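What follows is a set of notes on a single structure, which appears directly below.
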Amino acid sequence: MITAATPLTDAIKLARIPIKDFCTFSCHSLGPMKGKAAIMSKQAFEEANEAFVDEKYEEAYEYYTKALVNDDKIDHRNTSKILASRAQCSLKLKNYADALKDSNDAIKLDEANIKAYIRKGVSLYNQDLKEEALQVFVCGLEFDSANEQLKIWQHKCEKELAEQNPVTMIASIEKEKLTTNVTPVPSLLPAKIKHSFYQTDSIVTIQIPIKGLKKDQVQIYSTDTTINIHTKIPSSGQDYSLEVDLAYPIDSLRTNFNVTGSNIETKLYKRQAIQWTSLDAQSTAAKVQPPVPMNRPLVEKVPSYPSSSLHAKNWDKLEAEIKRDEKENKDDMGDANALYQDSDENTRRAMNKSMYESGGTCLSMNWEEVSKGRVTCEPPDVSLFIYLMCF
Numbered sequence: 001m002i003t004a005a006t007p008l009t010d011a012i013k014l015a016r017i018p019i020k021d022f023c024t025f026s027c028h029s030l031g032p033m034k035g036k037a038a039i040m041s042k043q044a045f046e047e048a049n050e051a052f053v054d055e056k057y058e059e060a061y062e063y064y065t066k067a068l069v070n071d072d073k074i075d076h077r078n079t080s081k082i083l084a085s086r087a088q089c090s091l092k093l094k095n096y097a098d099a100l101k102d103s104n105d106a107i108k109l110d111e112a113n114i115k116a117y118i119r120k121g122v123s124l125y126n127q128d129l130k131e132e133a134l135q136v137f138v139c140g141l142e143f144d145s146a147n148e149q150l151k152i153w154q155h156k157c158e159k160e161l162a163e164q165n166p167v168t169m170i171a172s173i174e175k176e177k178l179t180t181n182v183t184p185v186p187s188l189l190p191a192k193i194k195h196s197f198y199q200t201d202s203i204v205t206i207q208i209p210i211k212g213l214k215k216d217q218v219q220i221y222s223t224d225t226t227i228n229i230h231t232k233i234p235s236s237g238q239d240y241s242l243e244v245d246l247a248y249p250i251d252s253l254r255t256n257f258n259v260t261g262s263n264i265e266t267k268l269y270k271r272q273a274i275q276w277t278s279l280d281a282q283s284t285a286a287k288v289q290p291p292v293p294m295n296r297p298l299v300e301k302v303p304s305y306p307s308s309s310l311h312a313k314n315w316d317k318l319e320a321e322i323k324r325d326e327k328e329n330k331d332d333m334g335d336a337n338a339l340y341q342d343s344d345e346n347t348r349r350a351m352n353k354s355m356y357e358s359g360g361t362c363l364s365m366n367w368e369e370v371s372k373g374r375v376t377c378e379p380p381d382v383s384l385f386i387y388l389m390c391f
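Mapped onto UniProt numbering, the consecutive letters of the sequence shown carry residue numbers 1 to 391.
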């Protein structure tokens, strides 16, 4: 007899159900439920990414949590990815203890998750555990020795530890140890700095409105698909970082930046002459809307003759115009000479006197009028000046 207290294996035997048939029945029954949960987890993760891009960090945190609840935990790398993403949310909200816990859990599931190392190190750094943070960044570099973001943070920690008073540094290390149960540091939510971008046919320019920076206070690293910008806000002393998985590929070797009085301006050079619908690959616009071809090519046509001008000039056309003007002036001069040669003595005298005394601004052929006095200099009414030689 089978009762509620009968062990499952005994119940299967008493019911004379083959073990393989019971397993098959169980898998078929649970399969649709697991599939639905996986879809819900994926959807929640995408909604979390959207909220994060829009800087709605609290909303993003809730969606990442929902994605974890519905995650089937079978693909450890995927679970690790969700945990690392939620850790980034916690960093933005300055919940450093939560960020540390999620980062640790992510590393346990996937020890090669570089983003988890970065976020773990940053959470420790922001709790003034710089030596422990340095160890985490060094550990991450063992898996990816070329990661520039890890290198930047490693250098930052080493520099600040070197400048720190040795006695203070030892006391700080003894005070707090690397652990997942670090007491959270109460603080206000970080000030939001809204970045923006604009574009031409060949360049995307990212603008970050931070005042009072010098160029050597900004660290920028880019690959063909990512851009990372790091600095410290002068007015508050807070660390600022922008990490974007780009929607479209760039030529990372040409990436450059400039710091003005009020902005960090980073120029990304496009691989294709297309209109970017979004900067971030996680944005819905980048996923749904296809890129629009731009009108002009990426490489501007160089001037047809060596020139410092940014605009091409048709030097052959310009030369033809100059020759035409010279010919017209020559024709005008020829007409004046013919008029002089065909005139009588008084007319010639009038022409010579009027041109000489007026400085070439007045030509008169009336000797009776010119002979009465000096011809005054008058500005011409037209822009064409004819120089007439005196014969």
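A virtual CB, placed ideally from N, CA and C, is assigned to each residue, including glycine.
From a predicted model like this one, the values you see are computed outputs, not experimental measurements.
First and last residue of the uninterrupted alpha helix (DSSP H) at T347:
E345 to E357
Cβ of D280 within 8 Å of Cβ of S252?
no
What's the gap between the Cα of V136 and the Cα of G121?
5 Å
Below 8 Å CB to CB, which residues in the same chain sit around Y64 once its five sequence neighbours on both sides are set aside?
A44, F45, A48, I82, S85, R86 and C89
Collapsed DSSP secondary structure at E368 in the structure displayed:
helix
Can you tell which of A38, D54, I203 and N366 has its C-alpha closest to the C-alpha of F257?
I203
Quick check: the Cα distance between I233 and S262, rounded to an integer number of angstroms?
12 Å
Drop a sphere of 10 angstroms on the beta-carbon of A146, count the other beta-carbons inside from all chains shown, and report buried for 16 or more, exposed for fewer.
exposed
Kindly list the residues whose CB is nearer than 7 Å to the CB of V138, restricted to its own chain and excluding five residues on each side of it in sequence; keep chain order.
Q154
Which value, in whole angstroms, describes the spacing of the CA atoms of D98 and S80?
15 Å
Does DSSP put S202 in a helix, in a strand, or in coil?
coil
Closest Cα partner of residue 410 within the set Y240, D239, D75 and D102:
An answer regarding residue 410 cannot be provided, because it is not within the stretch 1 to 391 covered by the chain.
Starting from Q88, follow the alpha helix (DSSP H) in both directions and report where the run begins and ends.
H76 to K92
Going by DSSP, what residue range makes up the alpha helix (DSSP H) through Y61?
Y57 to N70
Under the three-state DSSP convention, the category D110 falls into:
coil
Within its chain, find whatever has a CB closer than 8 Å to the CB of S343; leave out the 5 residues flanking it on each side and keep chain order.
M351 and M365
Where D239 and R254 are concerned, what is the direct C-alpha to C-alpha distance, given to the nearest angstrom?
26 Å
If you draw a straight line from the C-alpha of T200 to the C-alpha of E160, how long is it?
40 Å
From the DSSP secondary-structure annotation, give me the bridge partner or partners of V244.
I227
Taking only three categories from DSSP, how would you classify V375?
coil
Endpoints, beta strand (DSSP E) assigned at Q219:
Q219 to S222
Could you check the C-alpha separation between A247 and K215 for me, to the nearest Å?
26 Å
Whole angstroms is fine: what's the gap from E148's alpha carbon to K115's?
12 Å
Could you compute how far the alpha carbon of E131 sits from the alpha carbon of R271?
41 Å
Who are F257's beta bridge partners in DSSP?
T266
Can you name the residues that DSSP bridges to Q164?
The partner list for Q164 (beta bridge, DSSP) is empty, contrary to what the question assumes.
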